[in-house]
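A.B. asks: Protein chains in written order, with my numbering: chain F, 1 to 168; chain X, 1001 to 1260.
Ideal placement from N, C-alpha and C gives every residue a C-beta, glycine not left out.
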Amino acid sequence: MIDLKDKQAVNKIWRILETVTDPEVPVLSILDLGIVRNVQLNGDEVEIYITPTYSGCPATDAINTNIRMVLLENGFSTIKITQQLSPAWTTDWMSEKGKEKLKAYGIAPPHSKQIVCAPDSFQKEEAIQCPQCNSYNSRLVSQFGSTACKALYQCNDCKEPFDYFKCH
Amino acid sequence: MNKSINISTDQLINYLLHLADNSLIMGHRNSEWCGHGPILEQDIAISNIALDLIGQARNFYQYAAIPIKQSTNQPINLTTEDSLAYLRDTREYKNCLLVEQPNGDWAQTILKQFFFSTYQYYLYQQLQNNADDQLKAIAAKALKEVTYHVRWSSEWVIRLGDGTDESKKRLLRAFDELWMFTGELFEPASYELNMSTDFILMKEEWNKKVCSVFEEATIDVPVEKKWHQSGGKTGNHSEHLGLLLAEMQFMQRAYPNSEW
Ligand SMILES: [Zn+2]
């Protein structure tokens, strides 16, 4: 039996977590990213399960600190953050709302079907839509961009360089 | 496949440290390129790969720290990811010799990355099905990252081999420098036995991938060459590792427990 009061508290925590953003892509909340796997109450303790996006993502530590801060501000004093590695995070967990926010921010959102995640060299690139002019006529500049989650593209029509949130 | 058979705590610790050390040393070597890459995009690429590898190393060290804390015959000062990375001596490092080799020029860096990433790719493919849940989870996550590393490095091998006379000459020189260190990858150390990894299959897959990329790179090299150098997995390292650790560990050795 779940206590009604507990249920309300858990709902409140989810709403609070909506306000924690990714320091590297500040338009995305951690719920948009899909990295919060579970919220649970163990008596007075709040336990948050987080699945990191990338093994070496420097934002993970900052996100954990921010979660603690915002929960403390809202009166939750005992907070435990558990890193849950399995199943591994995938860009498929990003919310549709998150993808729209990314595009509005100037980053091409990840495609839902992961078709370039294979080791073969010089694969035919996916057509990535330019977030500025919506043209699909773009080219890959580098598989590695300004952060671990992005690849660098350039639009052949409006000539703007842009980031693509690559499939993982 | 049941991993729990015959796996002692010490074996699991050594195995995890070996995986972590491989990633950390390779990642540290890559980080030496940061700010020195041939062009900006490639500087960013190799720094990204360094970050992925150091992240994988952190996951393995964090996992290793758990049984180390519970074990009675392990050094008590080595119970965090930081102390494992910063306070162990050369002889305690279990990385293979390949990853500690100096970067040399871009061709040598690329070829080293290609050999190593291809090895990690096939290893993690097996480990993602391991019976140990944590090992399995770390490998599944890392595999996605390594897939990008294999693509990037193999494209560069092809570009250099099938490029100019100069780039081909350098790639062939890199091959002469590095090939002798690839055999060790497939010679299991005692702690790698019974971990449900099939070394024969892994070597076959690795050879096949290397040969197909070499063919595309139009380089003709005697991959069946037998002479190999080994010892890194059991702590017998080249002088290069000592120099690397001296730099990497300097701050923690000079100012114990410093943080920033
Ligand atoms: Zn455009």
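What is the DSSP secondary structure of V20 of chain F, counted as helix, strand or coil?
C.D. replies: Of the three classes helix, strand and coil, the one that applies to V20 of chain F here is coil, per DSSP.
A.B. asks: Tell me which same chain residues have a C-beta within less than 6 angstroms of the C-beta of N66 of chain F, skipping the five on either side of it?
C.D. replies: Counting only Cβ-Cβ distances below 6 angstroms, and skipping sequence neighbours, we find V20.
A.B. asks: Are any of the Cβ atoms in chain F nearer than 9 angstroms to that of Y1255 of chain X?
C.D. replies: No, its Cβ sits nowhere closer than 9 angstroms to a Cβ of chain F.
A.B. asks: Can we count E160 of chain F as close to ligand 1, meaning its CB is less than 8 angstroms from some heavy atom?
C.D. replies: Yes, the Cβ of E160 of chain F comes within 8 angstroms of a heavy atom of ligand 1.
A.B. asks: Helix, strand or coil for C149 of chain F? Go by DSSP, reduced to three states.
C.D. replies: Three-state result, C149 of chain F: coil.
A.B. asks: Closer than 7 angstroms, Cβ to Cβ, to anything on chain F: give me those residues from the segment 1152–1182 of chain X, in chain order.
C.D. replies: Against chain F - using a Cβ distance shorter than 7 angstroms - the residues of the segment 1152–1182 of chain X are W1152, S1154, E1155 and I1158.
A.B. asks: Counting only C-beta atoms, is S138 of chain F closer than 9 angstroms to chain X at any point?
C.D. replies: With 9 angstroms as the cut-off, S138 of chain F does not count as an interface residue toward chain X.
A.B. asks: Any Cβ of chain X within less than 9 angstroms of the Cβ of H168 of chain F?
C.D. replies: Interface residue, yes.
A.B. asks: Taking only three categories from DSSP, how would you classify N38 of chain F?
C.D. replies: N38 of chain F: strand per DSSP, three-state reduction.
A.B. asks: Taking only the alpha-carbon atoms, compute the straight-line gap between Q1252 of chain X and S1212 of chain X and give it to the nearest angstrom.
C.D. replies: Spanning the two alpha carbons is a distance of roughly 44 angstroms.
A.B. asks: Counting pairs of beta carbons, one from the segment 1020–1029 of chain X and one from the segment 1090–1098 of chain X, are three or more of them closer than 8 angstroms?
C.D. replies: With a cut-off of 8 angstroms, the segment 1090–1098 of chain X and the segment 1020–1029 of chain X count as touching, because enough Cβ pairs lie within range.
A.B. asks: Is the beta carbon of A108 of chain F closer than 9 angstroms to that of P131 of chain F?
C.D. replies: Yes, the pair counts as a contact, with Cβ atoms nearer than the cut-off.
A.B. asks: Specify, as a first and last residue, the run of the alpha helix (DSSP H) that I972 of chain X falls within.
C.D. replies: As shown, chain X starts at 1001 and ends at 1260. That puts residue 972 of chain X outside it, with no answer to give.
A.B. asks: For M1195 of chain X, does the count of other Cβ atoms within 10 angstroms reach 16, so buried, or fall short, so exposed?
C.D. replies: Buried is the call here.
A.B. asks: Below 7 angstroms between beta carbons is the criterion; list the residues of the segment 1030–1045 of chain X that meet it against any residue of chain F, in chain order.
C.D. replies: Listed by position, the residues of the segment 1030–1045 of chain X near chain F (Cβ gap below 7 angstroms) are E1041, I1044 and A1045.
A.B. asks: Jot down the residue ranges of each uninterrupted alpha helix (DSSP H) in the segment 1089–1145 of chain X, minimum 4 residues, whole runs only, in chain order.
C.D. replies: Those alpha helix (DSSP H) runs which fall completely within the segment 1089–1145 of chain X and span 4+ residues are 1097–1100 and 1106–1127.
A.B. asks: Quick one: is F162 of chain F near chain X, going by C-beta distance under 9 angstroms?
C.D. replies: For F162 of chain F, the answer is no, since every Cβ of chain X falls outside 9 angstroms of its Cβ.
A.B. asks: Would you list, in chain order, the members of the segment 1198–1215 of chain X that have their beta-carbon closer than 9 angstroms to a beta-carbon of chain F?
C.D. replies: Listed by position, the residues of the segment 1198–1215 of chain X near chain F (Cβ gap below 9 angstroms) are K1209 and V1213.
A.B. asks: How is L1201 of chain X classed by DSSP in three states: helix, strand or coil?
C.D. replies: Note: L1201 of chain X maps to helix in three-state DSSP.
A.B. asks: Taking 8 angstroms as the threshold, find out whether the segment 1028–1047 of chain X comes into contact with the segment 129–144 of chain F through three or more Cβ pairs.
C.D. replies: Cβ pair count under 8 angstroms is three or more, so yes.
A.B. asks: Pick helix, strand or coil for F1060 of chain X, following the three-state DSSP scheme.
C.D. replies: Three-state result, F1060 of chain X: helix.
A.B. asks: In whole angstroms, what separates the C-alpha of N1130 of chain X from that of A1064 of chain X?
C.D. replies: C-alpha separation (whole angstroms): 16 angstroms.
A.B. asks: Would you call the segment 46–55 of chain F and the segment 73–81 of chain F touching, i.e. three or more CB-CB distances under 8 angstroms?
C.D. replies: Segments in contact, yes.
A.B. asks: Show which residues of chain F have a CB atom less than 8 angstroms away from the CB atom of I1076 of chain X.
C.D. replies: Going along chain F, no residue has its Cβ under 8 angstroms from I1076 of chain X, so there is no contact; the nearest lies around 24 angstroms.
A.B. asks: Going by other Cβ atoms of all chains shown within 10 Å of its Cβ, with 16 needed for buried, is V1223 of chain X buried or exposed?
C.D. replies: So V1223 of chain X ends up on the exposed side.
A.B. asks: Nearest to I30 of chain F by CA position, among F:S135, F:L152, F:K7 and F:K101, is which residue?
C.D. replies: Minimum Cα distance to I30 of chain F is reached at F:K101.
A.B. asks: Do Q129 of chain F and S135 of chain F have their C-beta atoms closer together than 9 angstroms?
C.D. replies: Against a cut-off of 9 angstroms, the Cβ pair of S135 of chain F and Q129 of chain F comes out as a contact.
A.B. asks: Taking 8 angstroms as the cut-off, is the C-beta of N1194 of chain X nearer than that to any heavy atom in ligand 1?
C.D. replies: N1194 of chain X Cβ: outside cutoff for every heavy atom of ligand 1.
A.B. asks: Which class does A1174 of chain X belong to by DSSP, given the choice of helix, strand or coil?
C.D. replies: Here A1174 of chain X sits in helix by DSSP.
A.B. asks: Any C-beta of chain X sitting closer than 9 angstroms to the C-beta of V141 of chain F?
C.D. replies: Output row for V141 of chain F: interface = yes.
A.B. asks: By how many angstroms is the C-alpha of L41 of chain F removed from the C-alpha of D6 of chain F?
C.D. replies: Using only the alpha carbons, I get a separation of about 7 angstroms.
A.B. asks: Tell me, to the nearest whole angstrom, how far the beta carbon of F1181 of chain X is from that of Q1229 of chain X; I am working on the premise that it is less than 8 angstroms.
C.D. replies: Sure, about 6 angstroms apart at Cβ, within 8 angstroms.
A.B. asks: How about Q123 of chain F: is its C-beta nearer than 9 angstroms to some C-beta of chain X?
C.D. replies: Yes, Q123 of chain F counts as interfacial toward chain X.
A.B. asks: Is the shortest distance between the beta-carbon of M1 of chain F and the beta-carbons of chain X less than 9 angstroms?
C.D. replies: Bear in mind that a pLDDT of 48 at M1 of chain F, under 50, signals an unreliable position, so the model cannot answer this.
A.B. asks: Spell out whether any CB of chain F is found under 9 angstroms from the CB atom of A1142 of chain X.
C.D. replies: Yes - at least one Cβ of chain F is within 9 angstroms of the one on A1142 of chain X.
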